[in-house]
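Quick note on numbering: the sequence shown equals residues 131 to 391 in the numbering used here. Just so it is clear, CB atoms sit at the ideal spot from N, CA and C, and this is done for glycine as well.
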Amino acid sequence: MKLLFLGSGTSHGVPVIGCDCAVCRSGDPRNRRTRASVLLRNGRATLLIDTPPDFREQMLRHGIRSVDAILFTHAHADHIFGLDDVRILCNWRKAPMPVYGRPDTLDQLRRKFDYVFETKDFTRGWDIPRLTLHPLDGAARISGVGVTPVPIRHGCALILGYRVGGLAYLTDCSAVPDEAMSLLRGLDTLVIGAIRHEPHPTHFSLREALDLVECLAPRRAFITHISHRLEHAQTEANLPPRVRLAYDGLEVEFPAPEDEG
Ligand SMILES: [Zn+2]
Ligand SMILES: [Zn+2]
Ligand SMILES: [Zn+2]
131 MKLLFLGSGT
141 SHGVPVIGCD
151 CAVCRSGDPR
161 NRRTRASVLL
171 RNGRATLLID
181 TPPDFREQML
191 RHGIRSVDAI
201 LFTHAHADHI
211 FGLDDVRILC
221 NWRKAPMPVY
231 GRPDTLDQLR
241 RKFDYVFETK
251 DFTRGWDIPR
261 LTLHPLDGAA
271 RISGVGVTPV
281 PIRHGCALIL
291 GYRVGGLAYL
301 TDCSAVPDEA
311 MSLLRGLDTL
321 VIGAIRHEPH
331 PTHFSLREAL
341 DLVECLAPRR
351 AFITHISHRL
361 EHAQTEANLP
371 PRVRLAYDGL
381 EVEFPAPEDE
391 G
């Protein structure tokens with residue numbers, strides 16, 4: 131299967147509005163980071179993880195016309211506020227969009243997008259996203275793809291990462307509970323969020339992310355959800371060879387779940 135990084139930035143995005151730092155002024159496109167989101171596809175199914183405020187631009191940039199399901203990690207603003215633009219995908223497919231996540235994440239979507247769930251006025255056609263909500267409490271087949279939710283800590287909150295075959299996508303992570311470690315054995319590709327060098331209350335620092343990489347020993351790892359404190363080339367020069375910084379538009383292959391070839 132293929133993993134496409136639609137966005138690799140932290141909540142502000144990079145460049146940060148009003149910031150004149152070297153990373154925000156950089157001409158290297160890898161230092162331009164829209165908010166974190168990835169697309170997983172295998173030729174039969176296309177799964178999207180999160181709908182950041184940059185969702186529309188990300189779809190256009192990569193010419194993506196259809197998505198089969200959306201998986202949410204959590205309901206923070208930088209991961210959900212592109213959701214309204216999903217309505218055009220519903221319109222093209224003339225069917226609701228299946229949405230997966232923790233029950234509390236789906237409750238937050240209901241509250242934050244009340245107009246989507248409270249409208250009875252279907253004469254409005256496809257002016258609003260039509261969503262079907264599917265709470266996840268364990269491994270599931272989503273559009274024919276085996277997906278295992280991985281509970282991780284994001285500060286005090288429990289949120290979800292996702293494992294699909296040889297890939298684990300863990301963004302906005304500040305700790306991995308013991309019970310989740312067993313879901314992360316034998317990884318080919320680990321995607322792990324790290325915001326900057328300095329510690330942060332709700333995100334791994336780069337050092338903490340590297341410690342997790344060492345502990346899980348995947349074949350390779352990519353850092354995502356990156357702030358303007360990490361310059362791409364300089365930071366990569368000091369990373370172990372199997373760890374790279376993700377950047378918007380990077381696409382890599384990973385082993386599909388076993389029964390899917
Ligand atoms: Zn975030
Ligand atoms: Zn900056
Ligand atoms: Zn968050």
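With distances taken between CB atoms, is the gap from phenylalanine 247 to leucine 213 smaller than 9 Å?
no
N-terminal and C-terminal residue of the alpha helix (DSSP H) that threonine 127 is part of:
A question about residue 127 goes unanswered here, because the residues of the chain that appear run from 131 up to 391.
Are the Cβ atoms of glutamate 338 and serine 312 separated by less than 9 Å?
no
Please classify isoleucine 147: is it buried, with 16 or more other beta-carbons within 10 angstroms of its beta-carbon, or exposed?
exposed
Cα-Cα, which of Pro183, Asp302, Leu290 and Arg240 is closest to histidine 355?
Asp302
Lysine 132 - DSSP class collapsed to helix/strand/coil:
strand
Does the distance from the CB of leucine 133 to the CB of glutamate 383 come in under 9 Å?
yes
Between histidine 204 and threonine 164, what straight-line distance do the alpha-carbon atoms span, to the nearest angstrom?
17 Å
DSSP three-state label for proline 281, please.
strand
Taking the C-alpha atoms as reference points, what is the distance between leucine 369 and arginine 359?
15 Å
Can you tell which of Val275, Arg350 and Arg293 has the C-alpha that lies nearest to the C-alpha of proline 281?
Arg293
Please classify proline 183 as buried or exposed, where buried requires at least 16 other C-beta atoms within 10 Å of its C-beta.
buried
DSSP puts histidine 264 in a beta bridge; with which residues?
Tyr230
Simplified DSSP assignment, three categories, for tyrosine 292
strand
Could you give the residue range of the beta strand (DSSP E) that holds phenylalanine 243?
Taken as a continuous stretch (DSSP letters only), phenylalanine 243 belongs to no beta strand (DSSP E), as it is neither H nor E.
Between the C-alpha atoms of leucine 266 and alanine 207, what's the straight-line distance to the nearest angstrom?
21 Å
Per-residue burial, arginine 260 [other beta carbons within 10 Å of its own, 16 or more giving buried]:
buried
CA-CA distance, threonine 176 and methionine 131?
10 Å
Run of the alpha helix (DSSP H) containing leucine 297, from where it starts to where it stops:
Looking at the DSSP string, leucine 297 is not in any alpha helix (DSSP H); the run it does join, the beta strand (DSSP E), is 297–300.
Could you tell me the distance, in whole angstroms, from the CA atom of valine 216 to the CA atom of arginine 191?
15 Å
Check whether valine 275 and asparagine 161 have beta carbons under 9 Å apart
no
If you measure between the beta carbons of isoleucine 200 and isoleucine 179, is that distance less than 9 Å?
yes
If you measure from the CB of valine 277, is any heavy atom of ligand 2 nearer than 8 Å?
no
Closer than 8 Å: is that where the CB of aspartate 302 sits relative to any heavy atom of ligand 3?
yes
Once you ignore the five residues that flank arginine 186 on each side, which residues in its own chain have a CB closer than 8 Å to its CB?
Gly212 and Asp215
Tell me whether tyrosine 377 is buried or exposed, calling it buried when 16 or more other Cβ atoms sit within 10 Å of its Cβ.
buried
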